[in-house]
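K.L.:
Protein sequence lines correspond, in order, to chains U and E. Okay, so the first sequence: first residue is 75 according to our numbering, each after it adds one. Okay, so the second sequence: first residue is 27 according to our numbering, each after it adds one.
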Amino acid sequence: MYEMIELEDVERLVDEGALLLDVMSRKSYEESHLPGAVNISLKELDEESAAQLDRSRPVITYCFDYQ
Amino acid sequence: MYDYVASKSDWFACGMPREGAAADVPWAGDLVSDDAPTCALDDRVGEVRERVLASGYDFCVVVNEERVILGLLRGDALSKDEKARADEVMELGPKTTPPSEPVEELLEARSSQGVKSFLVATSHGVFLGAMSRDAAERALEEHRSEENDEGSG
Numbered sequence: 075m076y077e078m079i080e081l082e083d084v085e086r087l088v089d090e091g092a093l094l095l096d097v098m099s100r101k102s103y104e105e106s107h108l109p110g111a112v113n114i115s116l117k118e119l120d121e122e123s124a125a126q127l128d129r130s131r132p133v134i135t136y137c138f139d140y141q
Numbered sequence: 027m028y029d030y031v032a033s034k035s036d037w038f039a040c041g042m043p044r045e046g047a048a049a050d051v052p053w054a055g056d057l058v059s060d061d062a063p064t065c066a067l068d069d070r071v072g073e074v075r076e077r078v079l080a081s082g083y084d085f086c087v088v089v090n091e092e093r094v095i096l097g098l099l100r101g102d103a104l105s106k107d108e109k110a111r112a113d114e115v116m117e118l119g120p121k122t123t124p125p126s127e128p129v130e131e132l133l134e135a136r137s138s139q140g141v142k143s144f145l146v147a148t149s150h151g152v153f154l155g156a157m158s159r160d161a162a163e164r165a166l167e168e169h170r171s172e173e174n175d176e177g178s179g
């Protein structure tokens, strides 16, 4: 289950070691992303690609906006 | 798992740091000035006109309590009956710019429109402030100059 969070929570969780996951396209990610974020686009996001992530860290996903 | 629902447009709108190929170019959100006049739907044109004259801008952004943009007062609208309400004379749905828009692309796209100021707003329409064309052109010039210096250094 996902927990929806706000900007202040992102800052706190990242300070505590959370991983930022940008699910936008590669092009969008390469243009701009949050500091330290890794990229797996929604199209590519599956069990295999998600297995690359460090499971010991909480993961914060984000895209472009509320859509 | 956490979901940062407001996502990167919210992050950038709040002036937080960024990375990526477009991170070093000036964005609209970097150049926002928060002194542009605003008013409420039921403010009277007369008082809005005074506010605009005192501000140095030639427009007033009509916003709600959450600063969501509802309309714009400028030009003839500011010369209307001073007792008229803002919502009776405002332009609906003024064009806005997201804070993450690189100013180079923005200036190119709207070069022929004679726009002196751009209204910068989040994807939810929250008014962040105005960016003047002059400020955008200056920032772009400085950025290009820095790039040239780096290239020749």
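Don't be surprised by glycine CBs; every beta carbon is placed ideally from N, CA and C.
Check whether the segment 103 to 114 of chain E and the segment 124 to 138 of chain E touch, using three or more Cβ-Cβ pairs below 8 angstroms as the test.
P.N.:
No, because fewer than three Cβ pairs between the segment 103 to 114 of chain E and the segment 124 to 138 of chain E fall closer than 8 angstroms, the two stretches do not touch.
K.L.:
Can you tell me which of E:A165, E:G119 and E:R44 puts its alpha carbon nearest to the alpha carbon of V58 of chain E?
P.N.:
The option with the nearest alpha carbon to V58 of chain E is E:A165.
K.L.:
Please identify, using Cβ separations under 8 angstroms, the residues of the segment 101 to 131 of chain U that lie next to chain E, in order along the chain.
P.N.:
Listed by position along the chain: Y103, E104, E105, S106, H107, L108, P109, G110 and A111.
K.L.:
Could you give the distance in angstroms between the alpha-carbon of L98 of chain E and the alpha-carbon of V87 of chain E?
P.N.:
Taking the straight line from one Cα to the other gives about 5 angstroms.
K.L.:
For the candidate residues E:A32, E:D69, E:M42 and E:D60, whose alpha-carbon lies nearest to that of C137 of chain U?
P.N.:
For C137 of chain U, the nearest C-alpha among the options comes from E:A32.
K.L.:
Roughly how many angstroms separate the alpha carbons of D56 of chain E and A92 of chain U, rounded to a whole number?
P.N.:
Those two C-alpha atoms are separated by around 27 angstroms.
K.L.:
In chain order, what residues of the same chain have a beta carbon less than 6 angstroms from the beta carbon of R77 of chain E, not counting five sequence neighbours either side?
P.N.:
Same-chain partners within the cutoff: P63.
K.L.:
Since L81 of chain U meets chain E, which of its residues come closer than 8 angstroms, beta carbon to beta carbon?
P.N.:
Going along chain E in sequence order, the residues near L81 of chain U (Cβ under 8 angstroms) are Y30, A32, D36, W37, C40 and M42.
K.L.:
Would you mind reading off the limits of the beta strand (DSSP E) that contains D160 of chain E?
P.N.:
Not the beta strand (DSSP E): D160 of chain E falls in the alpha helix (DSSP H), residues R159 to S178.
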